[in-house]
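Here is the structure we will look at, set down as structure tokens.
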Amino acid sequence: MSMKDTLFQGPNLGSLFEIVLERSFEAILITDAEPENHKILYANDKFCQMTGYTREELYGKNPRILQGKRTSRRVIERLKAALASASPFIGATFNYNKLGEVYPVQWNVYPVLDEHQQPQYFVSIQQDLSELRNSLARLKSSSASFRHFLSELKSQGQSDSEQYRVAHQGLVENSKVLSRYVNRTVTEKKETEEFFDFDSNIQKASEHKPAKRAISAEHYIASIGEDNPSINELVGLAHSLASVIELESLTDISMSRRKELISDIQEIANALFFLEEFMDVSVALSELAVAMYHNVEKEYDIIISEAIKGLVIDLDTWISEVFVARSADNVHMLDDSIVGSCGQILVFCRIDDNEEEDDDELW
């Protein structure tokens, strides 16, 4: 019997769960699986601190008591569809604490299935994104200044100057910081998720994962506002991606060019982070950027090169049809393809890492 089996079948299981739940860095909520009800059965201290409610005030209530005017109806519709099909869910919107103060929040919701594969409970791991969004906004502003300065130097034929090198390095460092901010969310949640071992249930539930509701680009842009800063950021980044598509192969590009590509991918992730509709795409791109930074000194082999190029083509097509031409009938037309490509490239990167480690062991 493994240590994991010993822990999860021992007499002290309840105490172990209580310790993990109470000491988690994440706000955790557990509800029942009754349709149209989902009563709160448990909330840890972190959740109470985030919302301002005591356990006594929360227990027996529906989580909708945290919703308000700025809570996205589309995100709630997606959440309801996921709960109805016992599927995992990731999304972000605005909630309201006990004092009526609004705060941005990300949810990771997982079904706990019984022996008949029916949902028994739902576990929601949540994070207040207020600090993260403020930090991202400051860093994004700084990155925009660097990009403008670099563009000016390029137009003046000074792309080989020391000023250009310093400004470019500043942009790269900003992207690294942004990457750490976004992926801190991912890493902390993974630690909690690994304890609960959601993987097997997620795999089964994902087979019946509900599709996102189709929404046209025109309607979506109108809903978030023509002046939403993320739109201009994405349009600008699409121009950078276009130069990558023109390359016959990425196998022989310089490390400097690889850094620029990674920076573009990370900044797309950061722009999408502020658009609640695309939180899952943002997280997938950001995780990929972190892995690519880790391997930035390695040249891309032909398999990784083609996979990255395919991802870039998808991103360019998606941004062009949704945010530039605004002609897409469904803004989610390439979500699955982009997220899938990110996962595929991550696997290739890990295989490459493992092969190098095996080679090292031979010597």
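According to the working numbering, the sequence shown is numbered sequentially starting from 187.
Backbone N, C-alpha and C define an ideal beta-carbon position, used for all residues, glycine too.
Cβ of residue i within 8 Å of Cβ of residue j?
i	j	result
F211	Q312	no
R512	I407	yes
V467	I524	yes
L230	N248	The sequence as given places Asn at residue 230; Leu does not occur at that position. Taking 8 Å as the Cβ cut-off, N230 and N248 do not qualify as a contacting pair.
A272	P221	no
H517	V421	For clarity, residue 517 is Val in the given sequence; the question names His instead. Cβ atoms of V517 and V421: not closer than 8 Å.
A403	A514	yes
L265	G277	yes
Y486	I448	no
Can you pull the DSSP bridge partners for residue i?
i	result
I448	Its beta-bridge partners do not exist; DSSP assigns none.
W293	G277 and Q312
D218	Y307
Y282	V288
L299	P305
Y228	I216
Kindly list the residues whose CB is nearer than 7 Å to the CB of residue i, restricted to its own chain and excluding five residues on each side of it in sequence; keep chain order.
i	result
G238	N283, K284 and L285
T257	T279, F280 and N281
D502	A424, L427, A428 and I431
V482	M441, R444, K445 and I448
N414	none
A391	Residue placement at A391 is flagged as unreliable, the pLDDT there being 43, under the threshold of 50; the coordinate-derived value follows with that caveat. For A391, where only same-chain residues beyond five positions count, the Cβ hits under 7 Å are A272, S273, P274 and P297.
Just confirm the distance between the C-beta atoms of residue i and residue j, as a whole number of angstroms; I'd bet it's less than 8 Å.
i	j	result
V295	F308	6 Å
I490	C535	7 Å
A470	S416	At roughly 17 Å, the Cβ-Cβ gap does not stay under 8 Å, so A470 and S416 are not in contact.
A475	A493	Actually they do not touch by this definition, with Cβ atoms about 14 Å apart.
V430	V508	At roughly 19 Å, the Cβ-Cβ gap does not stay under 8 Å, so V430 and V508 are not in contact.
D300	M236	Wrong, their Cβ atoms sit about 29 Å apart, outside the cutoff.
Quick one: Cα of residue i to Cα of residue j, how far?
i	j	result
D191	N418	Any reading at D191 must be qualified, since the residue scores a pLDDT of 48, below 50, and its modelled position is unreliable; no value is offered.
Y289	I401	25 Å
D438	K445	13 Å
L532	R250	36 Å
S442	A424	19 Å
Q303	T217	17 Å
L548	L520	Annotation note: pLDDT 34 at L548 (below 50); position unreliable, no value reported.
G526	D500	11 Å
L244	L461	29 Å
I451	I410	22 Å
G496	K255	39 Å
S440	K484	10 Å
H405	I226	35 Å
E287	S316	12 Å
R399	A477	31 Å
E185	E463	Any answer about residue 185 is impossible in this case: the structure gives the chain only from 187 up to 549.
V298	A219	9 Å
D522	L433	25 Å
E453	E412	20 Å
Grab me the residues of residue i's own chain with a C-beta within less than 8 Å of its C-beta, minus the 5 sequence neighbours each way, in chain order.
i	result
Q253	I262, N281 and Y282
I214	L207, Y228, A229, N230, K232, F233, V309, S310, I311, Q312 and T378
I488	S435 and T437
M465	I276, G277, A278, Q292, L458 and F459
Who are the Cβ neighbours of residue i in its own chain at under 6 Å, not counting the five residues just before and after it?
i	result
R142	Any question about residue 142 goes unanswered here, given that the chain covers just 187 to 549.
F275	L265, A268 and V295
Q530	A493
A270	none
Is residue i near the ligand SAH, going by C-beta to nearest heavy atom under 7 Å?
i	result
A219	With respect to the ligand SAH, the structure shown offers nothing to examine, as it has no ligands at all.
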